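Beneath this line is the structure, given in C-alpha cells, with notes to follow.
Chains as they are written, first to last, in my numbering: chain A, 138 to 235; chain B, 138 to 235.
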C-alpha cells in the first residue's frame, strides 16, 4: 500500500503547492478555481479527469458553472501521499498562475 | 426572464421525475448516481455537460470516483423552471432505470 506522508513531511512537500490549502485534519489539500465560463471549466475538468484515470488517482470535486473546487486525498492511506502531490502539480501546470 | 414554477405546480411536474428529490426549500431537485467506475461516471458527466451547454442551463454537481450528485435549479429565477425539468428528463434518459 502507498505510504502516507508524516505530518512533519508536509510543510516541505506543500511548499511548492502554494495555491493549495491543507485541510484542518491535514488529510487532504484543496484548491478552488474560477474560469471564464462553463466551457472553460469543464474543459479543465476533462483534462484533469484524463490525467486522474491515467494515474488511477481521482479527485473529489464539484462544479457550478465557471467554478471548480478540488479536494485531493488518498483514501486508501487515509491521508496525503505522493499521488496527491503529483496530481496537484499536474493541475497547477495546466492552470494559469493566480 | 424565465418564470419559476409556483409551489402548487410542482407535484404534477415532478410526478414524472420519480428519481429526483425536491430540496427542503423547494427551490431545487437533486439526484445521486452510482456508476461502475470513474470512467463511466465521467463519461456520464460529459454527456450531461454537452447537453447543459446546448441548453445554456448548467447543473451544480460533485463527483467522487464512481459517484455523481446533481442539483438542478434556475438561479436567475430563484427556483425551479421548465429548464430544470427538461435537463432532468434528459439525464434520466441516459441513465439506466434504478
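Even for Gly, the Cβ is constructed at its ideal location relative to N, Cα and C.
Computed from a predicted structure; not experimentally measured.
By the 16-neighbour rule on beta-carbons within 10 angstroms, residue 196 (chain B) is buried.
Close to residue 197 (chain B), with beta-carbon spacing below 7 Å, are these residues of chain A in chain order: 201. Following the DSSP letters along the chain, one finds residue 176 (chain A) in no beta strand (DSSP E) but inside the alpha helix (DSSP H) bounded by residues 175-192.
When only Cα atoms are considered, residue 208 (chain B) and residue 226 (chain B) end up about 13 Å apart.
Rounded to whole angstroms, the separation of the alpha carbons of residue 139 (chain B) and residue 186 (chain A) is 34 Å.
With respect to the C-alpha of residue 169 (chain A), the residue from A:145, A:204, A:214 having the closest C-alpha is A:204.
For residue 202 (chain A), the closest C-alpha among the options A:216, A:210, A:181 is that of A:181. At the C-beta level, residue 150 (chain A) and residue 222 (chain A) come within 8 Å of one another.
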